[in-house]
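Below is one structure, written out as structure tokens; the observations come after it.
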Amino acid sequence: MTQHQSSLESIQRYYGEILKSSDDLQTSACCIGTSPAPYIAEALAKVQDEVKARFYGCGSPIPPALNGAHVLDLGCGAGRDCYVLSQLVGPNGSVIGVDMTKEQLAVARKHRDHHARKFGFANIEFREGYIEDLRTARIADDSVDVVVSNCVLNLSPDKQSAFREILRVLRQGGELYVSDVFADRRVPPNLAADPVLRGECLGGALYWEDFRRLMAAAGCRDVRVIERRRVAINNSDIEARTALIEFYSVTVRAFKLDLEDRCEDYGQAAIYKGTIPEAPNAFELDDHHRFVAHKAVPVCGNTADMLSLSRYAPHFETIGDKSVHFGLFECGPPAAQVAGNAATPIKCC
Ligand SMILES: C[S@@+](CC[C@H](N)C(=O)[O-])C[C@H]1O[C@@H](n2cnc3c(N)ncnc32)[C@H](O)[C@@H]1O
1 MTQHQSSLES IQRYYGEILK SSDDLQTSAC CIGTSPAPYI AEALAKVQDE
51 VKARFYGCGS PIPPALNGAH VLDLGCGAGR DCYVLSQLVG PNGSVIGVDM
101 TKEQLAVARK HRDHHARKFG FANIEFREGY IEDLRTARIA DDSVDVVVSN
151 CVLNLSPDKQ SAFREILRVL RQGGELYVSD VFADRRVPPN LAADPVLRGE
201 CLGGALYWED FRRLMAAAGC RDVRVIERRR VAINNSDIEA RTALIEFYSV
251 TVRAFKLDLE DRCEDYGQAA IYKGTIPEAP NAFELDDHHR FVAHKAVPVC
301 GNTADMLSLS RYAPHFETIG DKSVHFGLFE CGPPAAQVAG NAATPIKCC
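Reading the sequence shown from the start, the letters are residues 1 to 349 in the UniProt record's numbering.
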């Protein structure tokens, strides 16, 4: 058996046999520390308790403006996020949840009919497959509007393939929106190989800079941080073993667009029309771009493309084009750094 296969099997055992509910987790890494937005809480209230009890996510990777979208949830587990997304995409959209662990999929599928009756439509499919090769779950090229994932990418023994697959299945202008655990440095091999640390989403946590490099290699040169929160481990043995490493739950978004690796200034601006129902007053693109409705905001070329060449386009007026270049775009607070120490601030965007 290859190391790759044995790593996948160890994760399958962890989520299929060892964990029966979120109470069995040994750390707080796979736990959300914040309350969801009211419209998400409302959708969540309609999800079956057994599904919610097997939630092992570390964030809320649910972007706005989903009505009619075709969404793919990587490592959907028992399906909690899929059942929330199902309500938000509505009868004209669809949700496919992919997971490799049969026990998780069994719980997700068991409640499919109940939720379809409750919502008044059936738009979800749960498929067995591997995120490193989404053909195993019959996901075609350029077929998905939004890829979401909640605390799964860290578990992959082959993250480069997973990122390549995400970019393959997203349609042009499609969005990747994920919550995952990141580390402020590379996790040493002895900790990365520990089955409990790996299962608890710590051993495989990506060092932010390596994540950025892997995404760039897959074709995505600009990844935006939406939210970052320090992970409280709450297990003295594991805390002692991981010692100096700081872990963060980070929600990020990226687009399948041909973007530049730095923010360049073409004198463009964007105006949010206030037309996304769940965000009537302001749209938050990331931790340093808040578009108050009807107010023009100067933007770099990449941000202009994210807003005008994605499904957010109907909600924005973008002023200007890229015919004249004014140099590097000055943007973002040093707080945009995601998983580094204060001495090495990451330039935004
Ligand atoms: C931490 S749980 C998160 C589950 C779900 N997203 C949630 O929020 O409850 C990780 C899930 O990812 C699945 N998984 C891990 N690695 C995978 C892979 N390489 N391919 C497919 N599924 C995977 C596991 O089976 C498990 O159900």
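Note that the Cβ used here is the ideal one computed from N, Cα and C, for glycine as well. This structure is a prediction, so every number in the text was calculated from the model and none was measured.
Please report how far the alpha carbon of residue i lies from the alpha carbon of residue j, in whole angstroms.
i    : j    : result
I62  : G203 : 25 angstroms
G97  : V324 : 44 angstroms
M100 : E128 : 5 angstroms
A336 : S21  : Bear in mind that a pLDDT of 39 at A336, under 50, signals an unreliable position, so the model cannot answer this.
R213 : D261 : 11 angstroms
V223 : N190 : 29 angstroms
G320 : A254 : 22 angstroms
G301 : N235 : 45 angstroms
Y83  : V47  : 7 angstroms
C220 : L176 : 10 angstroms
A339 : R185 : Low local confidence applies: a pLDDT of 45 at A339 is under 50, so the model's placement there is unreliable, with the coordinate-based value given in what follows. The alpha-carbon atoms of A339 and R185 are separated by roughly 8 angstroms.
G120 : Q3   : 45 angstroms
Q26  : S60  : 21 angstroms
A140 : S161 : 16 angstroms
T136 : I233 : 34 angstroms
L66  : A240 : 42 angstroms
F329 : H115 : 47 angstroms
R54  : L44  : 14 angstroms
I11  : V292 : 43 angstroms
R171 : Y39  : 27 angstroms
R168 : D133 : 10 angstroms
G93  : D81  : 15 angstroms
Please state if the CB of residue j and the CB of residue i are separated by a distance shorter than 9 angstroms.
i    : j    : result
A296 : A279 : no
G77  : Y56  : yes
V107 : V51  : yes
D113 : N150 : no
I226 : V252 : yes
H152 : W208 : A quick correction: the sequence has Val, not His, at residue 152. Not in contact: V152 and W208 (Cβ atoms no closer than 9 angstroms).
L74  : V146 : no
V148 : L72  : yes
G327 : K256 : no
Y272 : F316 : yes
S308 : T318 : yes
I124 : G68  : no
P157 : L19  : no
According to DSSP, residue i sits in a beta bridge with which residue or residues?
i    : result
H289 : D286
D180 : V250
N123 : According to DSSP, which records beta bridges pairwise, N123 is partnered with nothing at all.
E128 : D99
S94  : H70
A296 : I271
V144 : L170
E175 : V146 and F255
Y207 : A183
D133 : Y130
Residues in the same chain with beta-carbon distance under 8 angstroms from residue i, minus the five sequence neighbours each way, listed in chain order, please.
i    : result
Y15  : Y56, G77, T101, E103, Q104 and G199
R290 : A282, F283 and E284
H294 : I271, Y272, K273 and G274
A192 : R198, G203 and G204
Does DSSP put residue i in a helix, a strand or coil?
i    : result
V89  : helix
Q268 : strand
I62  : coil
L259 : coil
R228 : strand
N154 : helix
T2   : coil
T318 : strand
L105 : helix
Y39  : helix
L244 : coil
L328 : strand
D113 : helix
Y15  : helix
I233 : coil
A192 : helix
C82  : helix
D222 : coil
K52  : helix
L8   : helix
T27  : coil
T303 : helix
K159 : helix
L197 : helix
Excluding five sequence neighbours on each side, which residues of the same chain lie with their C-beta closer than 7 angstroms to the C-beta of residue i?
i    : result
A342 : Model confidence at A342 stands at a pLDDT of 36, short of 50, so the residue's coordinates are unreliable and nothing is read from them.
A205 : N154, V181, F182, A183, V187 and F247
R164 : A218
D305 : L257 and L259
Within the same chain, show all residues whose beta-carbon is closer than 6 angstroms to that of residue i, passing over the 5 residues directly before and after it, in chain order.
i    : result
H111 : Q48 and V51
I166 : V147 and L176
Say the cut is 8 angstroms; is the CB of residue i nearer than that to a heavy atom of ligand 3?
i   : result
R54 : Absence of ligand 3 from the depicted structure is noted, with ligand 1 being the only ligands included.
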